[in-house]
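Report on one structure; see the data block that follows.
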Amino acid sequence: MMQTLRPLLLVWLALLALLGVELGGAFLRLGHLFGGLLLLPAGAMVALVGLFFMRLRHASGLSRGFALAAMFWLVVLLGLGSMDPMTRTLHPVAMTTYP
Amino acid sequence: MADIHSTFQYSTPAHRSGSSLDGMWLFLATEVLFFGALFLAWTVSRHYHAAGFAEAARHTEISLGTINTVLLVTSSLAYAAGLAFIEQGDTRRLLQCLSLTGLLGIAFVCLKLLEWHDDFYEHLFPGSGFALHGPDPGGAQIFFSFYFVGTGLHILHMLAGLGLLAWVILRAWRGAFSSRSHLAVEAVGLYWSFVDVVWLVLYPLIYVVGRPG
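In order, the protein sequences belong to chains R and S.
First residue of the first sequence: 100, per the numbering used here; consecutive thereafter.
First residue of the second sequence: 46, per the numbering used here; consecutive thereafter.
Laid out in structure tokens, this is it:
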């Protein structure tokens, strides 16, 4: 039984370590652009929970397909949705004064 | 031996279980896109209101958020261990693990409600009495709109998960599960860990990313 529980415990420790990285990063001065890098540990944590606690490694092909499709459409949603605000240049409009 | 329910439209009980888990994953895929819209709103709003988001993030209680993350991650571990135990036919250990999972989930909800109480007390709920008046108060209000909607939707999912957990515990108590038949334990476990996954994304968006400024 310990052979089954050991990987789960190791994953749990890895999750806590990644949480520690996130927590430490919260107090670093990374700036607006590099602050997004602090999402990388969260991505690794999501992958660990999916693969080990949700057993995606041993899931059927269809289940894995649904999980991959969810990630794919999420990337499409976030990518296309943020394309316009990330690339648009905002020009300030001069104040109009009337006599 | 296949029972009458599994022979009706499935070739074997394993076929029925597999199809149910496939269905659960499909449902979770729709949930990903449900929360995806919220994450997109955060991304776009932060882009236009970086200063307001940074100021607001510094007013969140990162200690409570971090403790809650530990609670949820540990609850997922407890549930996964319970599933491993029932696969060995150990119902007593399953019940212990699921009870621990439930207690950790309840502790999470209580801490979150405490955090909300503090936020209301500090006038961080968006509206006319909003407390932050920095360089971009509008952006800070948008951040806290995201905060309350995101954590509110997450708590609703937690409550649904706790209800499902209570149902599984009751069935386990009545001896409904065995090493060969425990589909409900597996399906509810997927939902519980998914709620954990949503929090793992919300945690950095609320407490971490904006904080460094």
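Even for Gly, the Cβ is constructed at its ideal location relative to N, Cα and C.
_Same chain, Cβ closer than 7 Å to R/G124, neighbours up to 5 away in sequence not counted_ = Counting from one through the first sequence, the residue named residue 124 of chain R turns up at place 25. Cβ-Cβ distances below 7 Å link R/G124 to L137 in the same chain, with the five nearest sequence neighbours on each side left out; the list follows chain order.
*CB contact below 8 Å: S/D67 versus chain R*: In the second sequence, counting from the first residue as 1, residue 67 of chain S sits at position 22. Yes, because at least one Cβ of chain R sits closer than 8 Å to the Cβ of S/D67.
*For the 8 Å Cβ check, are there 3 or more pairs between the segment 173-182 of chain R and the segment 144-154 of chain R?*
no
_Closer than 9 Å between beta carbons: that is the criterion. Which residues of the segment 179-191 of chain S meet it against chain R?_
none
*To the nearest angstrom, report how far apart S/I187 and S/A82 are at their CA atoms.*
Stepping through the second sequence from its first residue, residue 187 of chain S is reached at position 142. Stepping through the second sequence from its first residue, residue 82 of chain S is reached at position 37. Their backbone Cα atoms lie some 15 Å apart in a straight line.
*asked:* Distance cutoff 8 Å, beta carbons only. Does S/A47 sit that close to anything in chain R?
replied: Within the second sequence, residue 47 of chain S is the residue found at index 2, counting from 1. Unreliable placement is indicated for S/A47, whose pLDDT of 48 sits below 50; no coordinate value is reported for it.
*Excluding sequence positions up to five away, which residues of its chain have a Cβ less than 6 Å from the Cβ of S/L109?*
Locating residue 109 of chain S in the second sequence gives position 64, counting from the first residue. Cβ neighbours of S/L109 beyond the five flanking positions: L156, E160.
*Given a threshold of 16 other Cβ atoms within 10 Å of its Cβ, counted over all protein chains shown, does S/M46 qualify as buried or as exposed?*
Looking up residue 46 of chain S in the second sequence gives position 1. Residue placement at S/M46 is flagged as unreliable, the pLDDT there being 47, under the threshold of 50; a coordinate-derived value is accordingly withheld.
*CB contact check: R/P184 to chain S, cutoff 8 Å*: As a first step, residue 184 of chain R is located in the first sequence; it is residue number 85 there, counting from the start. Yes, R/P184 lies at the interface with chain S (some Cβ there is under 8 Å from its Cβ).
*Can you give me the Cβ contacts of S/L228 inside the same chain, cut-off strictly under 7 Å, excluding the 5 residues immediately before and after it?*
Counting from 1 along the second sequence, the entry for residue 228 of chain S is found at position 183. Cβ neighbours of S/L228 within its own chain (closer than 7 Å, five residues either side excluded): S62, S65.
*May I ask which residues mark the beginning and end of the alpha helix (DSSP H) holding S/M203?*
Position 158 of the second sequence, counted from the start, is the residue given in the question as residue 203 of chain S. Start and end: 182-218.
*State yes or no: is the C-beta of S/F170 within less than 8 Å of the C-beta of S/F193?*
Mapped onto the second sequence, residue 170 of chain S falls at position 125. Mapped onto the second sequence, residue 193 of chain S falls at position 148. Taking 8 Å as the Cβ cut-off, S/F170 and S/F193 qualify as a contacting pair.
*Measuring CB to CB, does S/H17 end up less than 8 Å from S/V240?*
The shown model of chain S, from 46 to 258, leaves out residue 17 of chain S, and the question about it has no answer.
*Are at least three pairs of beta-carbons, each pair with one atom in the segment 139-155 of chain S and one in the segment 92-105 of chain S, less than 8 Å apart?*
Too few Cβ pairs lie closer than 8 Å, so no.
*Could you give the C-beta distance for R/V110 and R/F151, rounded to a whole number, given that I count them as a contact under 8 Å?*
As a first step, residue 110 of chain R must be located in the first sequence, where it is residue number 11. As a first step, residue 151 of chain R must be located in the first sequence, where it is residue number 52. Their Cβ separation, rounded to whole angstroms, is 4 Å, which keeps R/V110 and R/F151 in contact under 8 Å.
*Using a Cβ cut-off of 8 Å (strictly closer), state whether S/V115 contacts chain R.*
For this step, residue 115 of chain S is matched to residue 70 along the second sequence. Closer than 8 Å: yes.
*With a cut-off of 8 Å, does the C-beta of R/V145 fall near any C-beta of chain A?*
Given the protein chain composition of this structure (R and S), no chain A is represented.
*For my contact list, S/A217 and S/L116 are in at a C-beta cut-off of 8 Å; report their separation, rounded to the angstrom.*
In the second sequence, the residue the question calls residue 217 of chain S occupies position 172. In the second sequence, the residue the question calls residue 116 of chain S occupies position 71. No, S/A217 and S/L116 are not in contact; Cβ-Cβ is about 22 Å, not under 8 Å.
*Is the segment 158-170 of chain R touching the segment 74-90 of chain S, taking contact as three or more C-beta pairs under 8 Å?*
yes
*In three-state DSSP terms, what is S/D135?*
Looking up residue 135 of chain S in the second sequence gives position 90. It is coil, neither helix nor strand.
*Residues of its chain near S/T114, where Cβ-Cβ distance is below 6 Å and the 5 sequence neighbours each way are ignored*: Taking the second sequence and counting its residues from 1, one reaches residue 114 of chain S at position 69. Excluding positions up to five away in sequence, the list reads Y248.
*With C-beta atoms as the reference, is R/F202 less than 8 Å away from S/W237?*
Chain R is shown from 100 up to 198; residue 202 of chain R falls before or after that span and cannot be answered.
*asked:* Closest to R/F126 by C-alpha separation, out of S/S90, S/A129, S/R103, S/S224, would be which residue?
replied: Counting from one through the first sequence, the residue named residue 126 of chain R turns up at place 27. The alpha carbon of R/F126 has as its nearest neighbour, out of S/S90, S/A129, S/R103, S/S224, the alpha carbon of S/R103.
*Give a yes or no on whether the minimum CB-CB distance between R/T103 and chain S is below 8 Å.*
Position 4 of the first sequence, counted from the first residue, corresponds to residue 103 of chain R. Answer yes: the Cβ-Cβ gap between R/T103 and chain S drops below 8 Å somewhere.
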